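**Student:** Take a look at the following structure, please.
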Amino acid sequence: MLMIRNEIIGAIRKVVRRDIHLEFPENFQHGDYSTNAAMQFGLDAKKIVLKLSKDKKLSKIVSKIEIAGPGFINFFLSKKTLYDNLNMINLEKLKYGKSGIGKDKTVVVEYSSPNIAKRFSIGHLRSTIVGQALYNFYKVIGYKVIGDNHLGDWGTQFGVLLRQFTIYNLQFTDLTIDKLEDLYVRFNKSAKENPKLWEEARAWFAKLEKGDPEARKIWTEIRKLSLEEFDEIYSKLGVKIDHEHGESFYEDKIDSIVKELRNKGISIKSQGAEIIEFSDHPPAMIIKSDGTSTYFTRDLAQVKFRLDEYRPSKIIYEVGADQTLHFRQLFSAVGKLGWGKDVEFVHIPHGLIQLESGKMSTRAGKTIKLSEVLDKAIKKASELGAKTGPLAEKVGIGAIKWNDLKREPKTGFTFNWDEILNMQGNSGPYMQYTYARAKSVLRKTKIALKTVPYSISLTTEEEVILRYLSRFPEILVNAADNYSPNLLCEYLFALAGAYNAFYNKHKIIGDPNEAGRIALTKATVQVIKNGLLILGINVPERM
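Residue numbers (full-length UniProt numbering): 1 to 543.
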């Protein structure tokens, strides 16, 4: 249907001789597409419509063009166009919605990025699943996509761990993530009374950067332990990230970055450290007074590596809103260095997940493990009736994902189990049940699906479904362009609602138009499946 949109835009441009914007009306009563070109450019809408009505190519696509309000022109797709699209869905199946918009272009998506030696907490959920969804969107519209898990595996926090590990004479066999986090807690408590302990931690990190064998061995074991836990979480979430280039990966690239900053006169000395000054942001430190690198320097090295290695047209960072200043400084520094002049740098700042008081309280102030949340979701799904292990996992994990993805990434939300698992509302289980119920219809029919002729009469409910189905490819592009998986969720929820309204009102099996209704059901099933898979949500065949 992207071609249909382009045909309509092309026809309007021939008449108004200007670039125009075509949008989806909120209500199908106002057509499938609408433009305010007449109002925007002060043109006579009636004259535009008269000229468009004489366009023979356009008349094969749309059945009606009408004027609404002070200058809106609405376009209604013809029944033939809608049926052609229906037949195309059932022919293309999983390929429906794919396009070549991103052909010969590469996009890098950084997401998840948990910290080594710390629990994979619920705080990393949004970056992980929103980032994976964005990765999937760009892939389906034709981009070459590189996913990168920028692990927090370097820095002074490792100096803390190394100091604690040696002070308490720990053994590798004793290591657990809980014990490592406890080392942080004990250190911070002691450091409040004795701030000089931070000097010891920084000294240990300096040893790590210089390649001290003991420090390297401890660091390697800690990193390995964390990655094993992360892999379990990713497996449960169905997330697979192409690369795990943590901060440590850029260790040998720091010196050249610092040298370039100095040679270009971008960095300056300040109180024994080295910084970059900005006109509209606070300064960013690149070298500490003890000579060690900073997170900012390592991020500059990460940008340089990605530009040289992947030649991307866009780099997307799906990272929390609390890092907004950091990315403004980073992108500004990249501009000062003259890197990636043709590359778009994008930070997607997601909001925080709030917890209902008393519902998900933490133990002694500790962070909430994501694994515990996922296990609880699976348990609650089984209590809903999804009794088998695999089904309960699909429903529980799907519920968690949908609950996040249905919202704009930048907005925060309160974690509410009743909302997450509501079978009647805007939830993952509702979407999965709609899919499974429609699949049950397809199992009951004895009609072999054939191409549906457009001469068949349509009920209002059927026509609404057909119009929704036609929008799917464009929704994928809009969601990618706006970095908003919620746009696809909104669309799928509306499509599911339209199908359920049709299902509840009309007979399918045994109806004189059973073939047409089976084709409509099959196409709806296909689009819901395609959409949910792009969001990273599994579709159960039965519920």
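We treat Cβ as the ideally placed atom computed from N, Cα and C, and that holds for glycine.
None of the values given here were measured: they were computed from a predicted structure.
For the beta strand (DSSP E) holding Asp148, just list the boundary residues, first then last.
**Tutor:** First-last of the beta strand (DSSP E) with Asp148: Lys144 to Asp148.
**Student:** Considering only the alpha carbon of each residue, which of Gln432, Leu197, Arg311 and Val395 lies closest to Val525?
**Tutor:** Ranking Gln432, Leu197, Arg311 and Val395 by Cα distance to Val525 puts Gln432 first.
**Student:** Which word fits His124, buried or exposed, when buried means at least 16 other C-beta atoms lie within 10 angstroms of its C-beta?
**Tutor:** It is buried - the Cβ of His124 has at least 16 other Cβ atoms within 10 Å.
**Student:** Can you tell which of Gly265, Glu309, Lys118 and Tyr250 has the C-alpha that lies nearest to the C-alpha of Thr294?
**Tutor:** When only C-alpha atoms are compared, the closest one is Tyr250.
**Student:** For Glu23, name the three-state secondary structure that DSSP assigns.
**Tutor:** In this structure, Glu23 counts as strand in the three-state DSSP scheme.
**Student:** Taking Glu7 as the reference, give the member of Asp44, Ala496, Arg306 and Thr81 with the closest Cα.
**Tutor:** Among Asp44, Ala496, Arg306 and Thr81, the Cα nearest to that of Glu7 is on Thr81.
**Student:** Any idea what DSSP makes of Gly320, helix, strand or coil?
**Tutor:** Three-state result, Gly320: strand.
**Student:** Please state whether DSSP places Gly385 in a helix, a strand or coil.
**Tutor:** Coil.
**Student:** Contact between the segment 153-171 and the segment 203-220 is defined here as three or more beta-carbon pairs at a separation below 8 Å; is this criterion met?
**Tutor:** Cβ pair count under 8 Å is three or more, so yes.
**Student:** At what residues does the beta strand (DSSP E) containing Ala515 begin and finish?
**Tutor:** Note, Ala515: premise wrong, no beta strand (DSSP E); alpha helix (DSSP H) at Glu514 to Leu535.
**Student:** Would you say Leu197 lies against chain C (beta-carbon separation less than 8 Å)?
**Tutor:** The chain inventory of the structure shown lacks chain C, comprising one protein chain alone.
**Student:** Our contact map puts Leu487 next to Val527 with C-beta atoms below 8 Å; I'd like the distance itself, whole angstroms only.
**Tutor:** At roughly 15 Å, the Cβ-Cβ gap does not stay under 8 Å, so Leu487 and Val527 are not in contact.
**Student:** Within 10 angstroms of the Cβ of Gly338, are there 16 or more other Cβ atoms? Answer buried if so, exposed if not.
**Tutor:** Exposed: under 16 other Cβ atoms inside 10 Å.
**Student:** Using the Cβ count rule (16 or more neighbours within 10 Å means buried), how would you classify Met1?
**Tutor:** Buried: at least 16 other Cβ atoms inside 10 Å.
**Student:** Tell me the rounded alpha-carbon separation between Ala203 and Ala117.
**Tutor:** Their Cα atoms are separated by approximately 19 Å.
**Student:** Is it right to say Gly405 is buried, meaning 16 or more other beta carbons lie within 10 angstroms of its own, or is it exposed?
**Tutor:** Just to set this straight, residue 405 is Leu in the shown sequence, not Gly. It counts as buried.
**Student:** Taking the C-alpha atoms as reference points, what is the distance between Glu463 and Arg517?
**Tutor:** Roughly 11 Å between the two C-alpha positions.
**Student:** Near Gly131, what residues of its chain come up, given a Cβ to Cβ distance below 7 Å and the 5 sequence neighbours on each side ignored?
**Tutor:** Closer than 7 Å at the Cβ level, and outside the excluded window around Gly131, lie Val109, Tyr111, Ser112 and Glu318.
**Student:** May I have the straight-line CA-CA distance separating Leu237 from Leu449, to the nearest angstrom?
**Tutor:** Near 35 Å, if we compare the C-alpha coordinates of Leu449 and Leu237.
**Student:** Look at the Cβ atom of Pro429, then the Cβ atom of Leu442, and state whether they are nearer than 8 Å.
**Tutor:** No, the pair does not count as a contact, with Cβ atoms beyond the cut-off.
**Student:** Using the beta-carbon count (16 or more within 10 Å), is Gly147 buried or exposed?
**Tutor:** Classification for Gly147: buried.
**Student:** Check Leu355 in the structure and name its three-state DSSP category.
**Tutor:** The answer is strand: DSSP assigns Leu355 an E or B state.
**Student:** I'd like the span of the alpha helix (DSSP H) that includes Tyr96, first residue to last.
**Tutor:** Counting along the chain, Tyr96 falls outside any alpha helix (DSSP H), and DSSP gives it neither H nor E.
**Student:** Just the Cα atoms here: how many angstroms apart are Ile447 and Ala515?
**Tutor:** Computed Cα separation, rounded: 7 Å.
**Student:** Restricting to Cα atoms, I'd like to know which of Met88, Phe502 and Gly42 is closest to Gly71.
**Tutor:** Of Met88, Phe502 and Gly42, the residue nearest in Cα terms is Gly42.
**Student:** Span of the beta strand (DSSP E) holding Asn115?
**Tutor:** Neither: Asn115 is in no beta strand (DSSP E) and is coded neither H nor E.
**Student:** Output needed for Lys288: all residues of its chain with C-beta closer than 8 Å, excluding positions within five of it in sequence on either side, in chain order.
**Tutor:** These residues qualify, in order along the chain: Arg202, Ala273 and Thr294.
**Student:** Which word fits Asn169, buried or exposed, when buried means at least 16 other C-beta atoms lie within 10 angstroms of its C-beta?
**Tutor:** Under this definition Asn169 is an exposed residue.
**Student:** Give me, in chain order, the residues of the same chain whose beta-carbon lies closer than 7 Å to that of Met360; leave out the 5 immediate sequence neighbours on both sides.
**Tutor:** Residue placement at Met360 is flagged as unreliable, the pLDDT there being 45, under the threshold of 50; a coordinate-derived value is accordingly withheld.
**Student:** Look at Leu476 and Ile316 and say whether their C-beta atoms are less than 8 Å apart.
**Tutor:** No. Outside cutoff.
**Student:** Let's test the definition: count the other Cβ atoms within 10 Å of the Cβ of Pro312 and tell me whether it reaches 16, buried, or not, exposed.
**Tutor:** The residue in question, Pro312, is buried, as its Cβ has 16 or more Cβ neighbours within 10 Å.
**Student:** Can you list, in chain order, the residues of its chain whose CB lies under 6 Å from that of Phe172, leaving out five sequence neighbours each side?
**Tutor:** Excluding residues within five positions, the ones whose Cβ falls inside 6 Å are Glu221.
**Student:** Spatial neighbours of Arg18 within its chain, please: CB distance less than 8 Å, with the 5 preceding and 5 following residues excluded, ordered by chain position.
**Tutor:** Same-chain partners within the cutoff: Ala37 and Phe41.
**Student:** With Val346 as the anchor, note down where its beta strand (DSSP E) starts and where it stops.
**Tutor:** Per DSSP, Val346 belongs to the beta strand (DSSP E) from Glu344 to His350.
**Student:** Hey, how far is the Cα of Ile48 from the Cα of Phe331?
**Tutor:** Approximately 44 Å, taken between the alpha carbons.
**Student:** Hey, how far is the Cα of Tyr298 from the Cα of Asn90?
**Tutor:** The question names Tyr, but residue 298 is Arg in the sequence shown. Cα to Cα, the separation comes out at about 49 Å.
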